[in-house]
Structure formats: C-alpha cells, structure tokens
Amino acid sequence: MFSCMKKMIAYILAVVMIIGSMPVIGVYASDGDYTADEIMEALKDNMANIRSFNKYHKAWFDVNIMSVDDDNNLTIQDSALELLEEAEVKYDKPGYKDKIESLVGDINNLADESEKSQIIAYMNKYRILDKEMASEESEEQNSTPAPTPTEAPLVSQPPTPSPPTPTQPPVAQELDFNKLLSDILGLAGAVSGSPAVSKEQSSKKVIETMEKVSALPGSSLVVMEKEGALSVSVDEGAFNNKVNEIMSTADKLAKELLDMNQPELIAAIDKEVEIRIPQEERHRDKEFILNMTPASVKKAVEEKISLNILSYNIDLQMPITNVQSDLAKGISFRSKPLESTMAQELVSRNTSGMKLVGNVYDLTLTTTSDSKESSSQIGQFKEKVRLSFAFDSKKVNKNALGVYYYDEKVKAWKYVGGKVDKASDKITVETSHFSKYAVFEYNRTFTDINSTWAKDTIEHMASRHVFTVQDGQTFRPSEKITRQDFAVWLVRAMNISELAAESSFKDVSKASPYYKEISIASKEGLILGSEGNFSPERLITRQEMAVMMARALKYMKLDQKEFEGTEITAGQNDFSDAKSIAQWAKDSAELTYRYGIITGREKKSFAPLENAQRAEAITMLKRLIDLQ
412 MFSCMKKMIA YILAVVMIIG SMPVIGVYAS DGDYTADEIM EALKDNMANI RSFNKYHKAW
472 FDVNIMSVDD DNNLTIQDSA LELLEEAEVK YDKPGYKDKI ESLVGDINNL ADESEKSQII
532 AYMNKYRILD KEMASEESEE QNSTPAPTPT EAPLVSQPPT PSPPTPTQPP VAQELDFNKL
592 LSDILGLAGA VSGSPAVSKE QSSKKVIETM EKVSALPGSS LVVMEKEGAL SVSVDEGAFN
652 NKVNEIMSTA DKLAKELLDM NQPELIAAID KEVEIRIPQE ERHRDKEFIL NMTPASVKKA
712 VEEKISLNIL SYNIDLQMPI TNVQSDLAKG ISFRSKPLES TMAQELVSRN TSGMKLVGNV
772 YDLTLTTTSD SKESSSQIGQ FKEKVRLSFA FDSKKVNKNA LGVYYYDEKV KAWKYVGGKV
832 DKASDKITVE TSHFSKYAVF EYNRTFTDIN STWAKDTIEH MASRHVFTVQ DGQTFRPSEK
892 ITRQDFAVWL VRAMNISELA AESSFKDVSK ASPYYKEISI ASKEGLILGS EGNFSPERLI
952 TRQEMAVMMA RALKYMKLDQ KEFEGTEITA GQNDFSDAKS IAQWAKDSAE LTYRYGIITG
1012 REKKSFAPLE NAQRAEAITM LKRLIDLQ
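Taking this note's numbering, the leading residue of the sequence shown gets 412, the next gets one more, and so forth.
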C-alpha cells in the first residue's frame, strides 16, 4: 500500500508540476479564473526549480498528460484523469482533478488566442527542458553520454512563436527551493490525509535545503601565509549578510512547516555558516588560524548560528553559544600539527598496541579584543563541538580507529570515541574541550574468538574500549553476561563515561571498579533496578537487555523514528514466542526489533527469559551504536 501511495503521489505531483500548478492550484490555491500573466508567472516560478526537484516528477513521462484539439483547446488525457480520480477515491480527498481541469479551462477561456498559444508553447518548452535536464543529470552520474530522449511534444499545435526560454538560475535558489519543498510536502499530505513521505525523509529534505544556503563565499576570506602558518580572516560584512540569508530562509521554511502542521520538522532546520579553508596539498601539515571580528561573533551569537569550519585535515562544527559570554570579543580558532619530535614523545606514552594515524593536533579557541592586546583561551565548552579528522583509508583498518586526547594532568592519552564515515574517510567525535588530539588505530584480538561468528564485532568493540578482559587474552564469547557487565558495556559503547554521578543502589559499592559506569547508567535512566537494588551479579535476560537498549534509543532521541510493517504485538508478530514477553518489556522488544538490534534466535523465537551470551550482547551493542 505504501509503495502504491508513493507512486500515486508521484503521478499527482507530476501532473501538478507540469502545468505549473504549485503556485496556482496546490495546497495554497483558491478557486477562480487566472489571467495569462498569472498562469505564465506560475509556470516560470516552477521552471526555476526544475533541477532541484527533477526526481519528483520524472514519473509523468509514463502518461500522455495533455493534448490539444483542432480548435487549439487544451485537454487532459483520460489516463491522467483516471490517476487523479483513483487517488481521490483511495484517499478520500476530492478536488484536485477539478482544480487541474479548472486551470485548463482558464487557459482555454483566454480571449487572446496568441496568449493561449504562447502558454501552450511554453508548456512544450517546459517538458523539453525538463527532459534535457534529466538526460544531463544521467550523463553526469553515469559518466557516459546518454541518448537524448525522443518524446512527442506535450501538445500538438500549429507552429507559434514561443517566449524565450528563461535562463536557468544557479542551483542555489534558496527561498524558491524552500517554497517548492513546502508545497510538495503539503500537497502530499492534502491528497493522502497524511504525509506521503516519512518524517525521516522530510527531515532530510529540510536539512538539504539549509545546506544550500550555508556556504560562505570563498571571496569572503582573506588568506595570508606567514611563518609556515595559514591565517584566515572572515570579512564581517559578507559574514553578516550570509547570516541574514540563513535566518530568512529558516524563518520562511519554519512558517511553511507550521502551515502544513509539521512543527516537529522545525527542529531539523540547522542554522550554520560553512567556512571552507583553502584545501590544497601544500596546506596538509600547516598550522591554520581562523579569525572572526567581534561584530561577526556578536551577529552569530544573537542569531544562534553555528560555525562549520572545513580545513584540509580537520573539520570543526561549533555552536557559537560557547562564546556567548564574550559578546564584545572576536574569536580565533587554531589547529597546529605538532612537530614530529614532540609528537613522537607524546605518542610513546601509554599507547601500547596503538598506531598513530596522521598528525597530533594542538587545538585552541581564544577570544580576542579589537585591540588584540588581551586574549583568553576557552577551556570548557558549554555545548559540545564536533571534530572530524581525515585519514588515508589505504593505510589503516577503519574498524580499529578511534579519537584520543592527551590528558596533561595524568600525562596519558584518553579515548574519546569516534564514528567512521567510510565514504568520506573521516572519523568524527564530539568533545567538550580542546587539547591535543590524535587518531590512533588500535587492533585488538583474543585467542578464543577465531571460530566465533561474532569475531569481527568483538574486535571492533575492543578497539572502542567497550570492555576489558580479566586475563587479557580471552573473551569467552559463549559465557553468559551479568547485569553489571552489560550496563557497563552499554555506557562505554555510548561513550557517556565522562559524566559525574553517584549510585543510589544499595548493592553497588563505591569500591566496585564499575561504580562509575553503573552510576552513570542510573543517572541517565538506562537502568532502574528494583526496591533500591540493581542485582549486579545476576545474569541478564534478553528482555531485560531489550529494555535497557530501548532506553538507550530514547537517550539518543531515536525512539520516535517511523517504521513500516514490523510489529511483534500479539497476533501480528515475527516471533513464535511473542506472547511470553513480559508486558513491561513488550514495547522495548518491539522497538529493538524494528531497529534490527535484536533479531531473534532459532525458529524465530525472541527467547525473552533466556540469558544472553557475551557474543550476543556485544553484537547487539554494536548494532545500537551504529545507529548514532
């Protein structure tokens, strides 16, 4: 049903877009006659956005939508009308066929035949240009020239002079793009009674919209090379203009989402300025310093704009609220690769079994005054910043990479975390402070996992410091896991171990080596216990694991994701023993199943009361953190 609905919506959107009806008969349209100028303006508005939404109306080529009779009257083909009628019946939302026919009637009723011919000719050009664009995009994607499609004209008519084809605007048509996005989402909702695309898909489109306006032009950067460093200053006028553009786009998009009763998507509107540092090979190992004036910082703070700084080896995403207490100050961000001698000295400390990948970077964020006579370094951030480090995929094991910082107090490297994007060859981590950072490869294996189905997962999770083993050599994959061990692994896998907390469990001693992790799990709501006890040494059941991981999904704000066709409720389930799942665990079992975290055992059983093996537990946790 869902695929049928999507196809139907695609056809409806196709018909609507081809006759330029988004501004005229879409969800914002009202009934009535339209002049030639209004119709032409609607068509031109949509022409400017063809490339951005080409994929939404490719389906219309499957139907001969329009035709014209001997008297030059425009009609809709029966096949197109059948599609609209079927959709109106299916979704109980009548009126779109009438609106399209009304627009066709408006065109046919124009007193000036030359104007009518001009509009029909323009619609022909609309189709031809659209087809050409589709062909160009196909050629770009396949790198081999695709044959030009040979389609009959949209309508047949005597030759008439056509208005000049409008010049194709740059792809970044920000405000028009937003409007068209909102129209499409709104139309889909109006026809089907609910959005034709999931919240996840809609959110992705909102993000893409904001990305189109985020980049600060390279001409806005003043770049100087001095004493081996790359100094980059941001022009405050250009920066402030970019912030205004971003805010205008965000406001319009938010209003459209509210009008469509989609307020939950407003959270996906990411307001950030992208600053791309010159990325030439000669800049690979150079120190770079980015400077912003007090006026630019103040503007960003007032509008709560984030910065996305892209350099050759490190990317930084930073909420500007980290410098909110320094409104009268500018900022200076510095990334300095350490000299090889100093780097090797640091790398030699507590890095047994680890291999340095790339450079060791000394990162600092400093506030500066206009006179530059005084400056102060920001130690702890109010909101976490995101760091991405590039690496050479040909020289490393991607599954064994992690980001570490050097703790000056204890003179040792500490694991921070890291999510590897294998497509871009970057590893990303969030941190609340700057220091000396580096990427290490940590390959770890055990003597008893070579024949285990979970071997790769065990090694990967070991590289993330999720667990330790008593003898340093064996993992014991088939042994059962305790509640204590699973809670500790869960906290470490989610990388929330730096938070301070105290346990209130009567049976968890402060002398326990796992006291910190269990306290964090309790504070963050991952574990609750019973009657003031946690029962740390008791073996954990599979339904208890499901509950803990469902709470982790809520902590990660993933518990509201939309799903299709995967239910394990009584009478409609993929598990043979669904009825034996405790009532308090049913929702958690369903959620973890939908995410593919718990997939079941032999004979399609969930086995809710059985104890989990260590190999099963570490595999489920790997699936969980892969969702982050």
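Every residue gets a Cβ at the ideal spot worked out from N, C-alpha and C, and that includes glycine.
Keep in mind the model is a prediction, meaning the values are calculated, not measured.
Task: E955 (DSSP reduced to helix, strand or coil) - done: helix
TODO: Within 10 angstroms of the Cβ of T620, are there 16 or more other Cβ atoms? Answer buried if so, exposed if not.
DONE: buried
TODO: For the region 664-742, list the alpha helix (DSSP H) runs that are entirely contained and at least 4 residues long, ordered along the chain.
DONE: DSSP assignment within the region 664-742 yields the following whole alpha helix (DSSP H) runs of 4 residues or more, N-terminal first: 705-714.
- [ ] Check E928 in the structure and name its three-state DSSP category.
- [x] helix
Task: Inter-residue Cα distance where the pair is P574 and E713 - done: Unreliable placement is indicated for P574, whose pLDDT of 40 sits below 50; the coordinate value is still reported in the next sentence. If I take the Cα positions, the gap works out to 46 Å.
Open item on the list: For K837, list the residues DSSP reports as bridge partners.
Closed with: A801, D832
- [ ] Using alpha carbons as the reference points, say which of D1037, E870, E913, N770 lies closest to K697.
- [x] Just measuring C-alpha positions, the residue of D1037, E870, E913, N770 sitting nearest K697 is N770.
Open item on the list: I'd like the list of long-range same chain contacts for Q1024, defined as Cβ closer than 8 Å, with 5 residues on each side in sequence excluded.
Closed with: P888, S889, E890, K891, I892
Open item on the list: Can you look up Y1006 in the DSSP assignment and give me helix, strand or coil?
Closed with: coil
Task: Among G639, L767, G648, nearest to S631 - alpha-carbon criterion - done: G648
- [ ] Out of T952, N808, I688, state which residue places its alpha-carbon closest to the alpha-carbon of S722.
- [x] I688
Open item on the list: Assuming the contact rule is C-beta atoms closer than 8 Å, I742 and N719 should be a hit. Round their C-beta distance to whole Å, please.
Closed with: Wrong, their Cβ atoms sit about 14 Å apart, outside the cutoff.
TODO: Could you spell out the range, first to last residue, of the beta strand (DSSP E) harbouring F851?
DONE: That run of the beta strand (DSSP E) goes 847-853.
Open item on the list: Which of the three DSSP states is assigned to I860 in this structure?
Closed with: coil
TODO: Taking only the alpha-carbon atoms, compute the straight-line gap between A1045 and S751 and give it to the nearest angstrom.
DONE: No answer is possible for residue 1045: the residues shown for the chain start at 412 and end at 1039.
Task: Residue interval of the beta strand (DSSP E) (run including S642) - done: Here the beta strand (DSSP E) through S642 covers 640-645.
- [ ] Go ahead and label A693 buried or exposed: buried means 16 or more other beta carbons lie within 10 angstroms of its beta carbon, across all protein chains shown.
- [x] In the sequence as displayed, the identity of residue 693 is Arg instead of Ala. The residue is exposed, with fewer than 16 neighbouring Cβ atoms inside 10 Å.
- [ ] Output the boundary residues of the beta strand (DSSP E) element that contains I487.
- [x] Run containing I487: 485-487, per the beta strand (DSSP E) assignment.
- [ ] State the start and end residues of the unbroken alpha helix (DSSP H) segment that holds D896.
- [x] 894-904
Open item on the list: Does the region 863-876 come into contact with the region 801-817, if we say contact requires no fewer than three beta-carbon pairs (one atom in each stretch) closer than 8 Å?
Closed with: Contact between the region 863-876 and the region 801-817 is present, because at least three Cβ pairs lie under 8 Å.
- [ ] Can you tell me which of the three DSSP states F792 falls into?
- [x] strand
- [ ] Would you mind working out which of I931, S763, F792, I1029 sits nearest I731, comparing C-alpha positions?
- [x] F792
TODO: Could you please give me the residues that DSSP links to T660 through a beta bridge?
DONE: Partner(s): none; T660 has no beta bridge.
Task: Reduced DSSP category for L627 - H, G, I as helix; E, B as strand; rest coil - done: coil
Open item on the list: Quick check: the Cα distance between D918 and E942, rounded to an integer number of angstroms?
Closed with: Rounded to whole angstroms, D918 to E942 spans 11 Å at the Cα level.
Task: Length of the line joining the Cα atoms of E841 and D832 - done: 14 Å
- [ ] For Q1024, name the three-state secondary structure that DSSP assigns.
- [x] strand
- [ ] Report back the beta-carbon spacing between A640 and I700 to the nearest angstrom; my notes put them in contact at under 8 Å.
- [x] 6 Å
Task: Among F857, R875, Y816, G829, the one whose alpha carbon lies nearest that of A849 - done: Looking at F857, R875, Y816, G829, the one whose alpha-carbon comes closest to that of A849 is Y816.
TODO: Assign F929 to one of two classes, buried (16 or more other C-beta atoms within 10 Å of its C-beta) or exposed (fewer than that).
DONE: Inspection of the sequence shows that residue 929 is occupied by Ile rather than by Phe. With 16 or more other Cβ atoms within 10 Å, it is buried.
Open item on the list: Taking 6 Å as the limit between beta carbons, can you name the residues of its chain near N724, skipping five residues before and five after?
Closed with: Counting only Cβ-Cβ distances below 6 Å, and skipping sequence neighbours, we find A801.
- [ ] Measure from the alpha carbon of S923 to the alpha carbon of each residue in A678, T660, D985, E948, then state which is nearest.
- [x] E948
Open item on the list: DSSP three-state label for G431, please.
Closed with: Summary for G431: the model assigns pLDDT 39, below 50, so the residue's position carries little reliability; its value from the coordinates is reported in the next sentence. Three-state result, G431: coil.
Open item on the list: Is there a Cβ of chain D sitting closer than 8 Å to that of F886, yes or no?
Closed with: As a matter of chain content, chain D is missing from the structure shown, which is built from one protein chain.
Task: Cβ shell of D988 (< 8 Å), same chain only, five flanking positions each side left out - done: S1016, F1017, A1018, P1019
Open item on the list: Pull the bridge partners of N651 from the DSSP assignment, please.
Closed with: Its beta-bridge partners do not exist; DSSP assigns none.
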